[in-house]
Amino acid sequence: PAGTVGCSYSGVTFSASGGKAPYHYAVSGSPSTDGLTINSSSGVLSATALIGTGTFTIVITVTDTNNCTGYKTNTLTVSCPTTTLNPSPGALPSGTMGSPYSKTISASGGCLPYTFTKSSGSLPPGLSLSSGGTISGTPTVLGPYTFYITATETNNGCGTNSNLYTLTINCPTITLSPGTLPNGTAGNGYGNNQISPSGGTGSYMISWTGSKPPGLSLSTSGILSGMPTAAGTYTFTVTATDASNCTGSTNYTVMINCPTITIIGSPPSFHQGISYSYQFGAVGGNGPYTFSTTGSLPSGVSISSGGLLSGTPNGPEGSYTFTVIARDSSGCTGTNSYTLNECVSFGALPGFSGGTIYNSYNQTATVSGGTAPYTFQLISGSPPSGLSLSYSSTAITLSGTPNSLGASGYFEVLITDALGCQVGEFYNITISCPTITLNPGTLPACTDGSSYNQPITPVGGIGSFNFTVTAGLPNGLSLSSSGLLSGIPEAPPGTYNFTVTGTENNDGCTGGQNYSLTVNCPTITLSPSSLPSGTVGATYIPQQLSASGGSAPYMYAITSGSAGGL
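Numbering (this note's numbering), first residue to last: -17 to 548.
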């Protein structure tokens, strides 16, 4: 039988007859029998690997026990093998960029081993072909790649064949997390929600398409943030693109809920024929708010878009039920329902005027109109500190001793009559300082060089005072903080003008007085009271005059009369 170059050869057994066993076999040939051997006793012809191709003449010689011989001539054809590569030409399993890849090409039809080489074309960057036929590595670049792989018998290089293959490197699967995003509330901050891609290579660029919640933005690094401005359900797609331009997308649905909008207001009852005005407010949404009503309002009354319920009710007496609706800038709404009566006009007659701090206060506001008896409720604010409200069946009394200055008494009392009609009365009580005067109203004159001591006291205040004085006091006098004006004036005689102010230490209330203080000259006495007589033409004995009662030094002069040459 024919053989294949480079491959083993076996399965041919020669036998002998006609001599005397045992036999001894040998082989020879032309032009070459390299690689062929025959078992000398069994006659089995074999080769580990046939060498060379062509048609060879093989001579088998047999020798029996008597050394007699016989031979047989055979022809052996040795050919190159037909090598087949597996898989067949075409597409190899695709790979994923950045992920390990391994695929082995095998060969058959010849004899092992084979050596595999890339004969032309390009393998994907990051992959290599081993001599054993394994394509492996981690692909780094996308795309389809076409190349030839040649299998060659290692022993003789005769049996070769090549296949054309295409290997496509696909993008990796890029996933985004989290899989869901939190819902938001219109008008409230959404926070910073990070959308993180994984599975790709290099840095990512994040983008989004679809129905985006107004007020939110998505950064290229994947942070979804902002303040949603409109309620609704929004579905959008977030796409991550990696450094190789591979993409991964996730669809998200985010619900932007309406905030809880609360209507603020406790409107009083309507009064037939009386102008009505009440301002509603709203909190919890994203202002400004637009107001409207549904239900029943008295004829002549309506609500403005700004929430002012006003008009002059002229409908029949009775109950009216209506709902106030506040719509914010995001389109979200809040509602509150009210049932109000249209009543005849009534209310508390004015009776609360301002008070004076630390002075007893007791005033009453009596209700007029409506149907007695009445009930009262303080619904907002509070009376001035130190005062309290009390009620009878027909009146409100504010009493006590105020202990805080200012317009601190802003409050509203809800009055409900026997029919359930209500009216709110607003009060704003100002607590003022008392009138404080200083005593005495005028100051007694003082004498230059003489001790002066004059107390100044407040009239009309409570507690201790601190006294101050403006510039203008005569030199030598001073005013203590307790109000004592004292000292020894050293100023020239005359009138001195200044202002003294007394301030209550506990509340800062003040009283002032302008003063004019006269500083008089002291009484100056000369001695001696008489002088000795002199003689005409004779020297007058010098006489020493001295002064007392003033402030030394003294200056002497003759102001009237004739001294006769003295």
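The C-beta atom is built at its ideal place from N, Cα and C for all residues, glycine as well.
Under 8 Å, do residue i and residue j count as touching if we go by C-beta distance?
{"i": "residue 130", "j": "residue 88", "result": "no"}
{"i": "residue 155", "j": "residue 126", "result": "no"}
{"i": "residue 302", "j": "residue 278", "result": "yes"}
{"i": "residue 442", "j": "residue 424", "result": "no"}
{"i": "residue 343", "j": "residue 385", "result": "no"}
{"i": "residue 38", "j": "residue 0", "result": "no"}
{"i": "residue 365", "j": "residue 406", "result": "no"}
{"i": "residue 73", "j": "residue 148", "result": "yes"}
{"i": "residue 165", "j": "residue 220", "result": "no"}
{"i": "residue 61", "j": "residue 35", "result": "yes"}
{"i": "residue 456", "j": "residue 493", "result": "no"}
{"i": "residue 333", "j": "residue 351", "result": "no"}
{"i": "residue 413", "j": "residue 336", "result": "yes"}
{"i": "residue 260", "j": "residue 308", "result": "no"}
{"i": "residue 458", "j": "residue 469", "result": "yes"}
{"i": "residue 454", "j": "residue 479", "result": "yes"}
{"i": "residue 316", "j": "residue 242", "result": "yes"}
Here's the rule: buried if 16 or more other CB atoms are within 10 angstroms of the residue's CB, otherwise exposed. What is residue i?
{"i": "residue 145", "result": "buried"}
{"i": "residue 14", "result": "For residue 14, the pLDDT reaches just 49, beneath the cut-off of 50, and the residue's location in the model is therefore unreliable, although a value from the coordinates is still provided. Flag for residue 14 reads exposed."}
{"i": "residue 465", "result": "buried"}
{"i": "residue 312", "result": "buried"}
{"i": "residue 544", "result": "exposed"}
{"i": "residue 210", "result": "buried"}
{"i": "residue 537", "result": "exposed"}
{"i": "residue 474", "result": "exposed"}
{"i": "residue 408", "result": "exposed"}
{"i": "residue 495", "result": "buried"}
{"i": "residue 268", "result": "buried"}
{"i": "residue 135", "result": "buried"}
{"i": "residue 115", "result": "buried"}
Could you tell me the alpha carbon to alpha carbon distance between residue i and residue j, rounded to whole angstroms?
{"i": "residue 132", "j": "residue 186", "result": "40 Å"}
{"i": "residue 346", "j": "residue 354", "result": "17 Å"}
{"i": "residue 91", "j": "residue 56", "result": "25 Å"}
{"i": "residue -8", "j": "residue 26", "result": "8 Å"}
{"i": "residue 369", "j": "residue 477", "result": "48 Å"}
{"i": "residue 318", "j": "residue 363", "result": "23 Å"}
{"i": "residue 2", "j": "residue 33", "result": "35 Å"}
{"i": "residue 83", "j": "residue 232", "result": "27 Å"}
{"i": "residue 548", "j": "residue 507", "result": "22 Å"}
{"i": "residue 283", "j": "residue 305", "result": "14 Å"}
{"i": "residue 417", "j": "residue 444", "result": "11 Å"}
{"i": "residue 381", "j": "residue 357", "result": "18 Å"}
{"i": "residue 123", "j": "residue 214", "result": "43 Å"}
{"i": "residue 197", "j": "residue 206", "result": "11 Å"}
{"i": "residue 223", "j": "residue 275", "result": "52 Å"}
{"i": "residue 31", "j": "residue 69", "result": "27 Å"}
{"i": "residue 118", "j": "residue 109", "result": "5 Å"}
{"i": "residue 379", "j": "residue 373", "result": "6 Å"}
{"i": "residue 79", "j": "residue 120", "result": "7 Å"}
{"i": "residue 461", "j": "residue 371", "result": "45 Å"}
{"i": "residue -13", "j": "residue 180", "result": "54 Å"}
For the beta strand (DSSP E) holding residue i, just list the boundary residues, first then last.
{"i": "residue 345", "result": "343 to 351"}
{"i": "residue 2", "result": "Unbroken run through residue 2: none, as it is neither H nor E."}
{"i": "residue 191", "result": "187 to 192"}
{"i": "residue 325", "result": "315 to 325"}
{"i": "residue 420", "result": "419 to 421"}
{"i": "residue 361", "result": "357 to 363"}
{"i": "residue 518", "result": "First-last for residue 518: undefined, no H or E at that position."}
{"i": "residue 526", "result": "Where residue 526 is concerned, there is no enclosing beta strand (DSSP E), given that its DSSP letter is neither H nor E."}
{"i": "residue 39", "result": "36 to 45"}
{"i": "residue 129", "result": "125 to 135"}
{"i": "residue 61", "result": "51 to 61"}
{"i": "residue 117", "result": "116 to 119"}
{"i": "residue 269", "result": "Run containing residue 269: none; DSSP gives neither H nor E here."}
Within its chain, find whatever has a CB closer than 6 Å to the CB of residue i; leave out the 5 residues flanking it on each side and keep chain order.
{"i": "residue 247", "result": "262"}
{"i": "residue 549", "result": "Since the first residue shown for the chain is -17 and the last is 548, residue 549 is missing from the structure and cannot be characterised."}
{"i": "residue 6", "result": "22, 45"}
{"i": "residue 509", "result": "528"}
{"i": "residue 76", "result": "150, 152"}
{"i": "residue 193", "result": "216, 217, 218"}
Might you give, ordered along the chain, the residues of its own chain that have their beta carbon closer than 7 Å to the beta carbon of residue i, omitting 5 neighbours on each side?
{"i": "residue 225", "result": "183, 184, 185"}
{"i": "residue 487", "result": "445, 446, 447, 448"}
{"i": "residue 177", "result": "158, 188, 204, 206, 220"}
Kindly indicate if chain C contains any beta-carbon less than 8 Å away from that of residue i.
{"i": "residue 456", "result": "Of the protein chains in this structure there is only one, and it is not chain C."}
Note down, in chain order, each residue of its chain lying with its Cβ closer than 8 Å to the Cβ of residue i, except the 5 sequence neighbours on either side.
{"i": "residue 376", "result": "348, 349, 354, 355, 356"}
{"i": "residue 67", "result": "87, 88, 89, 131, 133, 143, 144, 145"}
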